[in-house]
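Comments concern the structure below.
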Amino acid sequence: MTDTPNLEWEHWQVAWRSESPAAARATSRTAELQRRLRRHRRLAWAYTVLDVLAANALFAIAAYFAIRVPTLPVLVWSISVFVFTAIALGGAVWSRRDALAASADSTADFVAALRLRLDRRERVPRFVLRLAAAEMVFGLACYAIWSPEWLGRAARIYGAIALVLAVWWRWYRGRLGRERAQLDALCREPEPPDARDSVS
Amino acid sequence: MTSNGELDDLLARHEPALRRLAASYERDPALREDLVQEMLFALFRALPAWRRECSERTFVYRVANNRALSHLASRRPAFDDLERAASVPDPAPLPEAVAVASQQHETLLVALRRLPVPQRQLLTMALEDLTPREIAEVLGITENNVAVRLTRARAALRELIAVRSQP
């Protein structure tokens with residue numbers, strides 16, 4: 005393999021094509037792939053329907069409490085449930101839109117899309133967490149003004165929720181960071197030999 | 017590109033190349049077969065959206081390489097492998113078991129798997145006789161860039177095979 009560059013390349017090409025594992029297998033697989041695609045689509049639709057059902061259940065609960073206990077704190081809570089559920093539902097359906105298509109972009113565009121998706125997966129929950137924090141502050145202010153006797157209990161409940169969310173956010177960001185590092189490692193171009201020499 | 021016969025033809029035409037491509041990404045035979053199936057499925061799903069704005073081979077290799085990248089990215093235990101693959105080619109001798117099986121194909125394949133992913137993608141497509149223009153379209157880089165990177169990748173592969181060939 006060291007004769008001349010071209011001969012060497014031809015050797016490599018012959019070696020490369022000399023064996024292709026199980027390539028000779030008969031390939032009448034379109035029907036099989038179509039079945040798989042139908043299963044795939046059914047599953048994607050099932051998840052979407054489940055999301056919508058869960059969102060409707062939350063809407064119904066919020067509406068029930070808003071009608072039964074029409075006080076300001078309950079109304080604020082109901083509205084926040086409506087808003088967060090609508091955002092979450094929209095996000096879930098939007099993120100599933102890619103499930104039915106495979107990327108035929110160039111590698112560079114595909115990697116850029118993966119990075120963009122990672123950024124969005126960080127930005128969306130961050131936005132929702134900020135909304136939740138704002139809602140908690142607003143809720144506590146409402147309790148302080150209109151129901152001081154409930155303020156302590158509400159503060160404890162909000163504190164517990166905030167703690168759980170903070171732990172989850174820390175774990176989630178760590179996971180995204182690992183995925184980002186993995187993607188960077190995969191796509192990193194090796195340094196040109198000159199650059200390596202100058203470093204060493 | 018809608019009739020089953022045409023789809024079957026297309027898949028059959030490209031399956032051997034996809035199997036070779038999958039072999040350069042995945043050593044484990046079971047995972048490799050999974051990857052081939054995922055590539056074929058991705059191709060099948062992407063076909064309806066193909067507007068023939070690029071050649072058939074370009075389209076097939078785009079879908080297959082993207083699927084392979086996703087496959088590598090989703091392989092959690094292989095993080096160390098990825099780190100290694102992303103670094104400068106590993107100069108350590110290849111495993112003894114591989115040295116015993118002295119087939120050129122296996123030697124080439126093992127050397128390819130040791131290269132960083134971008135170099136591996138370039139070389140596998142060049143080995144499949146894709147033109148620099150097609151490779152550039154698959155990777156989303158310029159033809160000049162392909163030429164420069166291919167020269168480096170071939171040197172890296174040569175180095176790895178030479179290390180492998182040393183007694």
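Those protein sequence lines, which keep their order, are chains A and B. Throughout, the working numbering is defined as the position within the first sequence, counted from one, plus 4. Throughout, the working numbering is defined as the position within the second sequence, counted from one, plus 16. Glycine residues also receive a C-beta, built at the ideal position from the N, C-alpha and C atoms.
Own chain residues within Cβ distance below 6 Å of residue i, not counting five before or after
| i | result |
| --- | --- |
| residue 96 of chain A | 55 |
| residue 30 of chain B | 76 |
| residue 65 of chain B | none |
| residue 59 of chain A | 89, 93 |
| residue 55 of chain B | 34, 80, 83 |
| residue 148 of chain A | 155 |
Coil, strand or helix - residue i by DSSP
| i | result |
| --- | --- |
| residue 40 of chain A | helix |
| residue 158 of chain B | coil |
| residue 171 of chain B | helix |
| residue 136 of chain B | helix |
| residue 147 of chain B | coil |
| residue 188 of chain A | helix |
| residue 120 of chain A | helix |
| residue 32 of chain B | helix |
| residue 21 of chain A | helix |
| residue 107 of chain A | coil |
| residue 37 of chain B | helix |
| residue 194 of chain A | coil |
| residue 165 of chain A | helix |
| residue 131 of chain B | coil |
| residue 179 of chain A | helix |
| residue 188 of chain B | Only positions 17 to 183 of chain B appear in this structure, which leaves residue 188 of chain B out of reach. |
Neighbourhood of residue i by C-beta, 8 Å cutoff - its chain only, sequence neighbours within 5 removed
| i | result |
| --- | --- |
| residue 44 of chain B | none |
| residue 69 of chain A | 78, 81, 82 |
| residue 89 of chain B | none |
| residue 110 of chain A | none |
| residue 60 of chain B | 23, 27 |
CB-CB length for residue i against residue j, believed under 8 Å
| i | j | result |
| --- | --- | --- |
| residue 40 of chain B | residue 136 of chain B | 6 Å |
| residue 51 of chain B | residue 33 of chain B | Wrong, their Cβ atoms sit about 13 Å apart, outside the cutoff. |
| residue 159 of chain A | residue 144 of chain A | 6 Å |
| residue 40 of chain A | residue 57 of chain B | 6 Å |
| residue 19 of chain A | residue 53 of chain B | The pair is not a contact, with the Cβ atoms about 26 Å apart (cut-off 8 Å). |
| residue 85 of chain A | residue 62 of chain A | 6 Å |
| residue 164 of chain B | residue 151 of chain B | Actually they do not touch by this definition, with Cβ atoms about 12 Å apart. |
| residue 156 of chain B | residue 112 of chain A | 3 Å |
Local Cβ density within 10 Å of residue i, reported as buried at 16 or more and exposed below that
| i | result |
| --- | --- |
| residue 172 of chain A | exposed |
| residue 16 of chain A | buried |
| residue 202 of chain A | Bear in mind that a pLDDT of 48 at residue 202 of chain A, under 50, signals an unreliable position, so the number given afterwards is only what the model happens to contain. So residue 202 of chain A ends up on the exposed side. |
| residue 133 of chain B | buried |
| residue 38 of chain A | exposed |
| residue 42 of chain B | buried |
| residue 191 of chain A | buried |
| residue 127 of chain B | buried |
| residue 107 of chain A | buried |
| residue 127 of chain A | exposed |
| residue 71 of chain A | exposed |
| residue 114 of chain A | buried |
| residue 140 of chain B | buried |
| residue 177 of chain B | buried |
| residue 34 of chain A | buried |
7 Å Cβ shell around residue i - same chain, five flanking residues per side excluded
| i | result |
| --- | --- |
| residue 100 of chain A | 48, 51, 52 |
| residue 166 of chain B | 138, 142 |
| residue 78 of chain B | 154 |
| residue 149 of chain B | 159 |
| residue 144 of chain B | 33 |
| residue 133 of chain A | 169, 173 |
| residue 184 of chain A | 122 |
is_contact[residue i, chain C] using C-beta, thresh 8 Å
| i | result |
| --- | --- |
| residue 113 of chain A | Checking the listed chains, one finds no chain C in this structure; the protein chains it contains are A and B. |
My parser needs the alpha helix (DSSP H) runs of 4 or more residues fully inside the segment 45-103 of chain A; what are they? Given a length threshold of 4 residues, each whole run of the alpha helix (DSSP H) inside the segment 45-103 of chain A is given here in chain order: 76-99.
What alpha helix (DSSP H) runs, 4 residues minimum, are completely inside the segment 65-92 of chain B? Listed in chain order, they are 72-89.
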